[in-house]
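All letters in the sequence shown, in the order written, are residues -26 to -1, 1 to 520 by mature numbering (1 follows the signal peptide of the UniProt record, and there is no 0). Yeah, the Cβ is synthetic: ideal placement off N, Cα and C, and Gly gets one too. All figures in this text were calculated on a predicted structure; none of them were measured in a lab.
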Amino acid sequence: MAVKVRLSLAVLAFSLLALCVGIAKANKDPELKVCEHQCKEQLGYDEREVEKCLRDCTEEHFRRKEERERETRGTEEEDDDEWRSFTVDPAKKKLGQCLEECQRQERGKQKSLCRLRCQEKYEREPGREEEGNMEEKEEAGNPYVFEDRHLKSEVETEHGRVRVLQKFTKKSKLLRGLENIRVAIIEANPQTFIAPTHLDAGFVLFVAKGRGAITLIHEEDKQTFNLERGDVFGVPAGTTFYMVNKDENEKLRVAKILWTVNLPGNFKAFHGAGGEDAESFFRAFSWELLEAALKTDRGRLERIFKQQQGGIVKASKEQIQALGHGEEGGHGGGGLWPFPTGGSSGPFNIFDKGPVKRNNYGQLFEAKPKDSEQLRDLDLIVSLANITRGSMAGPYYNSKATMISIVLEGEGYFEMACPRDSSSGSSMGYIESEGSRRGKGGQTYQKTSSRLSRNSVFIVPAGHPVATVASENSNLEVLCFEVYAKGNVRYPLAGKWNVIGEMDREAKELAYGVPAKEVDQIFGKQQEEFFFPGPRRQRREGRAYA
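Next up, the structure:
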């Protein structure tokens, strides 16, 4: 009898289960059923693709269901709304799928625990979500900023490396005015030798750190010049050169701006010695041609090429001393750059003239085209700003020059005003979602900004107002190669001699719609020049804004 009862109960339970399944299938959303059917019948789909298709159907079903419930109830429960936001956001897809499984459970403790496990497994660390979104936004949309990851190693050994920044036009067509210009950074360990090379590009280098020497091979002679921090030196395209780091403890760090001569924006290094990191161009020739040209048998040629060490190698103290006996900056012999008489005028040091701007908040050093034949021929200004921690440079703008700025040391950020053509909807820069300034003529201006750290490169086009701010923890040192600089004027927008303060009284009143005295009170209050306390420093020191 007991057996019959148990059997009857089992049959009853199975029947109820089958009934529930049948009801669930009968009540399934018709759109969901059609979507699932299409997934299963889709030609060419493998098992994985079918599963993904079914999962997408379910997500879309729940999304629409939640929207319908929102319309009827006017509001959603907090947990359902959070789940929906994750399922429709591609960046949080995995979390959404996990929450989908939780959604199928009954409400209560088990569902809450399920959701908690999903969040612990897939969600960003607290406080990191906003930062991550900002980085993704800047990476995707800011054409004016390049980070360390945009530098590609062209030569790299255990003793140093040469890295080249990606083409400016690869980031944005807005930078096509810089199509023929590239940036590179050389880093060499103490007591090392950078092997002979020539480029199909001319360049100007700036010694950011360390001391060394550079040797140039001309048509009938060679010249060696000592290099130290602050030196600026030009090398014409096609000139074979090699360098040494003379210091026994400090790395040599050099920043270069290059002008290509063959293809716009593209240049190649031609290594005569070569090695594991870079092959010698001699090996491209046939052995019989090299035998005839060098009057040497193939066996000896193969031996010398096989013994090549690489682009940057360790050198002995004696070798460094022999290679480093050069002329001091500015005392080279014969001719002016680009070597019309076969010689170089030598490097010059940006610190020799002293700072052109200086106060407690920073220093600015610069060399203009009128200061050097090397810069005059290239229409180039080289400047170095050392911004005291917590301070800022600007806002200001350049009348003609476009600035290619490289962060040598420190951290901070910059802000720049970019115009937007509201009539066409196109933007001249990275446009944020808020902060626009619209004039009566329809012109809008938006803030472009980015965090800065060592090796960051940011571009400031001519006419664009900009300010750079050092972090609270360290000074910010920024090297600027200012191209197309002939006749350039740097116009300050705050502090002494700012543009607005120099306007006529009537112009101030007509432009700003308030008495000139009020304009003067605003633009005449800051008595420093070019460098000022930054926003946080102002607050920390308790400076009141009237």
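Residues in its own chain within less than 6 Å of LYS342 by CB, not counting five upstream and five downstream? Correct list, in chain order: ILE355.
Are the beta-carbon atoms belonging to THR171 and ALA187 less than 8 Å from one another? Taking 8 Å as the Cβ cut-off, THR171 and ALA187 do not qualify as a contacting pair.
Close-in-space but distant-in-sequence residues of the same chain around ALA182 (CB under 6 Å, 5 per side omitted): So the list reads ARG227, ALA229, LEU382, once near-sequence residues are dropped.
Contact between the stretch 152 to 168 and the stretch 127 to 136 is defined here as three or more beta-carbon pairs at a separation below 8 Å; is this criterion met? As far as the Cβ criterion goes, the stretch 152 to 168 touches the stretch 127 to 136, which means the pair count is three or higher.
Outcome for ILE278 when other beta-carbon atoms lying within 10 angstroms are tallied against a minimum of 16: Exposed, by the Cβ-count rule.
Going by C-alpha distance, which of ALA468, ASP494, LYS470 is nearest ARG479? Out of ALA468, ASP494, LYS470, ASP494 has the C-alpha closest to the C-alpha of ARG479.
Rounded C-alpha distance that separates GLU340 from GLN501: Straight-line measurement puts the Cα of GLN501 at about 23 Å from the Cα of GLU340.
Between ALA175, TYR419, HIS438, which lies nearest to ASN240 when the distance is taken from Cα to Cα? Taking only the C-alpha atoms, the option nearest ASN240 is ALA175.
Close beta carbons around HIS124, own chain, < 7 Å, minus the five adjacent residues each side: Hits under 7 Å: LEU139, GLN140.
Reducing DSSP to helix, strand and coil, say where PHE325 ends up. Three-state DSSP puts PHE325 in coil, outside helix and strand.
Looking only at its own chain, which residues have a Cβ that is under 8 Å from the Cβ of GLY437, when we skip the five neighbours before and after it? Closer than 8 Å at the Cβ level, and outside the excluded window around GLY437, lie TYR371, ASN372, SER373.
May I have the straight-line CA-CA distance separating ARG350 from ARG511, to the nearest angstrom? Each residue's alpha carbon lies about 39 Å from the other.
CA-to-CA distance, ILE433 to TYR118, given in whole angstroms: Distance between the alpha carbons of TYR118 and ILE433 is about 5 Å.
How would you label PRO210, buried or exposed, when you count the other beta carbons within 10 angstroms and need 16 or more for buried? Flag for PRO210 reads buried.
Around the C-beta of ARG156, are 16 or more other C-beta atoms found within 10 angstroms, so that it is buried, or is it exposed? With 16 or more other Cβ atoms within 10 Å, it is buried.
Going by other Cβ atoms of all chains shown within 10 Å of its Cβ, with 16 needed for buried, is GLY285 buried or exposed? Its Cβ being crowded by 16 or more others within 10 Å, GLY285 is buried.
Going by CA-CA distance only, name the one from ARG332, MET390, LEU352 that's closest to THR362. Per the Cα distances, ARG332.
With respect to the beta strand (DSSP E) encompassing ARG464, which residues constitute its N-terminal and C-terminal limits? For ARG464, the enclosing beta strand (DSSP E) stretches over residues 464 to 466.
Range of the contiguous alpha helix (DSSP H) that encloses PRO443: Checking the displayed sequence, the identity of residue 443 turns out to be Val instead of Pro. It is not in any alpha helix (DSSP H) - VAL443 instead sits in the beta strand (DSSP E) that spans 440 to 444.
From this set, THR418, SER379, LYS269, GLY386, which residue's C-alpha is nearest GLN393's C-alpha? Contrary to the premise, residue 393 reads as Pro rather than Gln in this sequence. Ranked by Cα distance from PRO393, the options THR418, SER379, LYS269, GLY386 are led by THR418.
What do you reckon, are the CB atoms on residue 568 and THR376 nearer than 8 Å? With the chain covering only -26 through 520, there is no way to say anything about residue 568.
Among ASN472, PHE256, PRO321, GLY328, whose alpha-carbon lies nearest the alpha-carbon of GLY208? Considering only alpha carbons, the answer is PRO321.
Leaving out five residues before and five after LYS368 in sequence, what residues of the same chain have Cβ atoms less than 8 Å from its Cβ? The sequence given here has Gly at residue 368, not Lys. Within the same chain, GLY368 has close Cβ partners PRO439, VAL440, ALA441, THR442, PRO466, LEU467, ALA468, PHE504.
DSSP three-state label for LYS344, please. In this structure, LYS344 counts as helix in the three-state DSSP scheme.
Under the three-state reduction of DSSP, which class applies to GLY246: helix, strand or coil? GLY246 falls in the coil class under three-state DSSP.
Spatial distance of ALA485 from GLU476 (CA atoms): ALA485 and GLU476: Cα-Cα distance of roughly 13 Å.
Per-residue DSSP class, three states only, for ILE474: DSSP, reduced to helix, strand and coil, places ILE474 outside both helices and strands of the structure shown, so it counts as coil.
Start and end residues, alpha helix (DSSP H) containing GLY273: Note, GLY273: alpha helix (DSSP H), 272 to 280.
Tell whether a beta-carbon distance below 8 Å holds between residue 531 and LEU450. One cannot answer for residue 531 here, as it falls past the ends of the chain, which runs -26 to 520.
Can you tell me whether PRO238 is buried or exposed? The criterion is at least 16 other CB atoms within 10 Å of its CB, across all chains shown. It is exposed - the Cβ of PRO238 has fewer than 16 other Cβ atoms within 10 Å.
Short Cβ contact (8 Å threshold) for ILE324 with GLY204: In this structure, the beta-carbon distance from ILE324 to GLY204 falls below 8 Å.
What did DSSP end up calling GLN197 once you bin it into helix, strand or coil? Look at GLN197 here: in three-state DSSP terms it is strand.
Using only alpha-carbon positions, find the residue among ASN447, ASP353, SER423, GLU389 that is nearest to ASN462. Of ASN447, ASP353, SER423, GLU389, the smallest CA-CA separation from ASN462 is found for ASP353.
If you draw a straight line from the C-alpha of LYS344 to the C-alpha of ARG137, how long is it? Straight across, the Cα-Cα distance linking LYS344 with ARG137 is about 31 Å.
Is DSSP giving GLY253 helix, strand or coil here? The question names Gly, yet the displayed sequence has Glu at residue 253. DSSP places GLU253 in coil when its eight states are reduced to three.
If you follow the alpha helix (DSSP H) that ALA266 is in, where does it begin and where does it stop? DSSP places ALA266 in the uninterrupted alpha helix (DSSP H) bounded by 261 to 268.
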